[in-house]
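>
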Amino acid sequence: MKKISILLSISVCSLMSAQYCLPTFEYSGNLAIGEAIMNVTFGNINNTSPSVTNGTAPPNYEDFTSISTDIQVGNAYPISVKGPSGTFPSDVVVFIDFNKNGNFDDAGERFFIGRLESANPFNAKTVTGSISIPGTALIGATKMRVLKNTNIAAYSDPNASTSINSACASLRSGQAEDYSVNIVAANLSTKDQDIHKEALALYPNPSTGMVHIKATEPIEKYEMFSSTGQKVMEGKSASLNMGPLVPGTYLIKIQLKNNKVITEKIIKK
Numbered sequence: 001m002k003k004i005s006i007l008l009s010i011s012v013c014s015l016m017s018a019q020y021c022l023p024t025f026e027y028s029g030n031l032a033i034g035e036a037i038m039n040v041t042f043g044n045i046n047n048t049s050p051s052v053t054n055g056t057a058p059p060n061y062e063d064f065t066s067i068s069t070d071i072q073v074g075n076a077y078p079i080s081v082k083g084p085s086g087t088f089p090s091d092v093v094v095f096i097d098f099n100k101n102g103n104f105d106d107a108g109e110r111f112f113i114g115r116l117e118s119a120n121p122f123n124a125k126t127v128t129g130s131i132s133i134p135g136t137a138l139i140g141a142t143k144m145r146v147l148k149n150t151n152i153a154a155y156s157d158p159n160a161s162t163s164i165n166s167a168c169a170s171l172r173s174g175q176a177e178d179y180s181v182n183i184v185a186a187n188l189s190t191k192d193q194d195i196h197k198e199a200l201a202l203y204p205n206p207s208t209g210m211v212h213i214k215a216t217e218p219i220e221k222y223e224m225f226s227s228t229g230q231k232v233m234e235g236k237s238a239s240l241n242m243g244p245l246v247p248g249t250y251l252i253k254i255q256l257k258n259n260k261v262i263t264e265k266i267i268k269k
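Sequence positions in the sequence shown follow this note's numbering and run 1 to 269.
1. Rounded to the nearest angstrom, what separates E234 and K253 at their Cα positions?
2. Does the Cβ of A137 have 16 or more other Cβ atoms within 10 Å, making it buried, or fewer, making it exposed?
3. Between T48 and V40, what straight-line distance do the alpha-carbon atoms span, to the nearest angstrom?
4. Can you tell me which of P204, I96 and N182 puts its alpha carbon nearest to the alpha carbon of Q72?
5. To the nearest angstrom, how far is it from the Cα of A167 to the Cα of E26?
6. Please state the DSSP three-state secondary structure of A36.
7. Which runs of the beta strand (DSSP E) at least 3 residues long sit entirely within the stretch 86 to 170? Give them in chain order.
8. Between I37 and E223, what straight-line distance do the alpha-carbon atoms span, to the nearest angstrom?
9. Leaving aside the five residues before and after E177 along the sequence, list all residues of the same chain whose C-beta is less than 6 Å from its C-beta, in chain order.
10. Over what stretch of residues does the beta strand (DSSP E) that includes Q255 continue unbroken?
11. Please name the residue, chosen from N75, F112, Y20 and M210, that lies closest to V93 on a Cα-to-Cα basis.
12. Using the C-alpha atoms, what's the distance from R172 back to T115?
13. Could you round the C-beta distance between I96 and G129 to whole angstroms and report it? I think they count as a contact, below 8 Å.
14. Could you please give me the residues that DSSP links to Y20 through a beta bridge?
15. Is the Cβ-Cβ distance between G108 and P84 less than 8 Å?
16. Please work out which residues of its chain come closer than 6 Å, Cβ to Cβ, to K191, disregarding the five sequence neighbours upstream and downstream, and give them in chain order.
17. Thinking just about the alpha-carbon of each residue, which of G86, S90, Y179 and G74 is nearest to the one in S132?
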């Protein structure tokens, strides 16, 4: 048990200390009034940050990773971002590191939320969108980046393409804010549970030690997660030993050779 606890601690610390690259801005340092992100609302996150404090605008990057929300695999969540644009419109793009590999470069991790119309800097506007959490997202804590950038081309062409193609791009003028999100496993519907019961069985469940997986298709791999979303075990065999784990409820995610993924609850007594 001590060994498992140490491994979990190392895993969590590695995630939290992962060094994500940052975007650069042509107009860097303190932002001109009118370039800041003023509010981000997503799940339980509702963070308002001032566009100016004592006459000084905020820096181009702000770290709000102490603020977090749970997001569930398979669900879609509305998101809104508020901020002014000044003379030129501004694009808003959100990135989430779904596979927790320390970057936002993978397919499906980038979401164009919208374009803030040009306006007086003190007349902030809001763009809204939706973010769907893919079935391939890894369970546990990861990082979300909200990025705002001035789009010069959009001033004369409302259909101009987005000015943000990477979370670490060289941009003109804007701001980046980082947040934390905790990805949790999907809840199975009653219909899905009935189908899965026919395709797979775990026994004994509850268990004090060995658990066996019986499936209609060969097993590709399995991953087991604690109630807090931490991966505690993985393997490719049809048997696993829960003996070293503390008593409690766990989720086991089983991928079959036909690419079907089944998630079940399993109890350690």
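Ideal Cβ positions, reconstructed from N, Cα and C, are used throughout, including at glycine.
Since this is a predicted model, take the numbers as computed values, not measurements.
Looking at the coordinates:
1. Position 234 of the sequence shown, counting from 1, holds the residue named residue 234. Position 253 of the sequence shown, counting from 1, holds the residue named residue 253. Roughly 9 Å between the two C-alpha positions.
2. As a working mapping, residue 137 is identified with position 137 in the sequence shown. So A137 counts as buried.
3. Counted from its first residue, the sequence shown places residue 48 at position 48. Counted from its first residue, the sequence shown places residue 40 at position 40. The alpha-carbon atoms of T48 and V40 are separated by roughly 7 Å.
4. Taking the first residue of the sequence shown as 1, we reach residue 72 at position 72. Ranking P204, I96 and N182 by CA distance to the CA of Q72 puts N182 first.
5. Along the sequence shown, one-based indexing puts residue 167 at 167. Along the sequence shown, one-based indexing puts residue 26 at 26. Cα to Cα, A167 sits roughly 15 Å from E26.
6. Here residue 36 refers to the residue found at position 36 when the sequence shown is read from its first residue. DSSP, reduced to helix, strand and coil, places A36 outside both helices and strands of the structure shown, so it counts as coil.
7. Counting whole runs of 3 or more residues, the stretch 86 to 170 contains the beta strand (DSSP E) stretches 90 to 96, 110 to 116, 125 to 132 and 140 to 150.
8. Indexing the sequence shown from 1 puts residue 37 at position 37. Indexing the sequence shown from 1 puts residue 223 at position 223. Straight-line Cα distance between these residues: approximately 38 Å.
9. By one-based count along the sequence shown, residue 177 stands at place 177. Excluding positions up to five away in sequence, the list reads I37, E62, F64 and V146.
10. Residue mapping note: residue 255 aligns to position 255 of the sequence shown, counting from 1. Run containing Q255: G248 to L256, per the beta strand (DSSP E) assignment.
11. For this step, residue 93 is matched to residue 93 along the sequence shown. For V93, the closest C-alpha among the options N75, F112, Y20 and M210 is that of F112.
12. Indexing the sequence shown from 1 puts residue 115 at position 115. Indexing the sequence shown from 1 puts residue 172 at position 172. For the record, residue 115 in the displayed sequence is Arg; it is not Thr. Rounded to whole angstroms, R115 to R172 spans 15 Å at the Cα level.
13. Locating residue 96 in the sequence shown gives position 96, counting from the first residue. Locating residue 129 in the sequence shown gives position 129, counting from the first residue. About 13 Å separates the beta carbon of I96 from that of G129, a gap too long to meet the 8 Å contact definition.
14. Stepping through the sequence shown from its first residue, residue 20 is reached at position 20. In DSSP, Y20 forms no bridge with anything.
15. On the sequence shown, residue 108 is found 108 positions in, with the first residue counted as 1. On the sequence shown, residue 84 is found 84 positions in, with the first residue counted as 1. Contact: no.
16. As a working mapping, residue 191 is identified with position 191 in the sequence shown. Per-residue confidence for K191 stands at a pLDDT of 47, beneath the threshold of 50, marking its modelled position as unreliable; no derived number is given.
17. Taking the sequence shown and counting its residues from 1, the one referred to as residue 132 is at position 132. The shortest Cα separation from S132 among G86, S90, Y179 and G74 belongs to G74.
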